[in-house]
Amino acid sequence: MSLVRVDAHDPNLVAVWTLLTELRPQLTLQTFAQLLIDAVQMNLVYEAAILEGKAVALVGWRLVTDSRLGRHVYVADLVVTTRRRGLGLGHAVLAKVVERTRELECTHVVLDSGITNTSAHRFYEAFGFTQTALQFELALN
Numbered sequence: 001m002s003l004v005r006v007d008a009h010d011p012n013l014v015a016v017w018t019l020l021t022e023l024r025p026q027l028t029l030q031t032f033a034q035l036l037i038d039a040v041q042m043n044l045v046y047e048a049a050i051l052e053g054k055a056v057a058l059v060g061w062r063l064v065t066d067s068r069l070g071r072h073v074y075v076a077d078l079v080v081t082t083r084r085r086g087l088g089l090g091h092a093v094l095a096k097v098v099e100r101t102r103e104l105e106c107t108h109v110v111l112d113s114g115i116t117n118t119s120a121h122r123f124y125e126a127f128g129f130t131q132t133a134l135q136f137e138l139a140l141n
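Residue numbering for the sequence shown follows full-length UniProt numbering, starting at 1 and increasing by one per position.
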C-alpha cells in the first residue's frame, strides 16, 4: 500500500472528500477543496491510501513546534472507509506517518480522538499511543 498526496486539483478529490465525510460529516466539498488550497501555508498534508483504484484511507497531518513537545507531527484526520476497517489499513497508514515523523527528526506523533469514539481509543492504545491530555474548545459563533 502506498500513500499519495492529495491536493485541491487531485482527480480523486470527490472520492477522497467522500471518504473524509465518514469522519467529518459536516465537511462540504467546497470547504475541503479550500482547506487543501490553504494547507500549504499551514504545513498540512493530506495523503490517501489507494487500493484497487479507490481511496480507502486518508490521513491529514502537519509539522508543529510548541513549548511542550518541541518539533512533532499532529495528526488532524485519520479515517479508513467503513467497508475496509479491520484489515490493518489504519495501522499501516499510521505506521507511515510515524516513519515520516522519524525522518523529519520529530519527537512525537500527537492526535485527538472524539471523546465517545472508544473504538478509536482502543486502536490508538493498541498502536502504542497513551492518553496525555484532555482537549477543550470554545465555539465562537
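Idealized CB from N, CA, C, for every residue including glycine.
Handout entry: E105 versus V6, V64 and V40, residue with shortest Cα-Cα distance
Key = V64
Problem - Extent of the continuous alpha helix (DSSP H) run through I37 - result: L29 to D38
Handout entry: Whole-Å CB distance - L20 paired with F32, under 8 angstroms assumed
Key = 6 angstroms
Exercise for the section: Alpha carbon to alpha carbon, how far is N141 from L3? Give it in angstroms, no decimals. Expected result: 36 angstroms
Practice task
Mind checking who V80 pairs with in its DSSP beta bridge?
Solution key: A57
Exercise for the section: Would you kindly work out how many angstroms separate the C-alpha atoms of H108 and V73, rounded to a whole number? Expected result: 6 angstroms
Handout entry: Anticipated Cβ contact below 8 angstroms, L36 with A8, distance rounded
Key = 4 angstroms
Exercise for the section: Decide if T101 is buried, meaning its Cβ has at least 16 other Cβ atoms within 10 Å, or exposed. Expected result: buried
Practice task
Leaving aside the five residues before and after F123 along the sequence, list all residues of the same chain whose C-beta is less than 7 angstroms from its C-beta, in chain order.
Solution key: G90
Practice task
Pull up the CB-CB distance for L27 and Y46, whole angstroms please, since I reckon it's below 8 angstroms.
Solution key: Their Cβ separation, rounded to whole angstroms, is 12 angstroms, which puts L27 and Y46 out of contact at 8 angstroms.
Problem - Pick from L44, A92, A48 and M42 that is closest to D10, judged by C-alpha positions - result: A48
Problem - For R100, three-class secondary structure by DSSP - result: helix
Handout entry: Beta-carbon gap between F127 and L94 smaller than 8 angstroms
Key = yes
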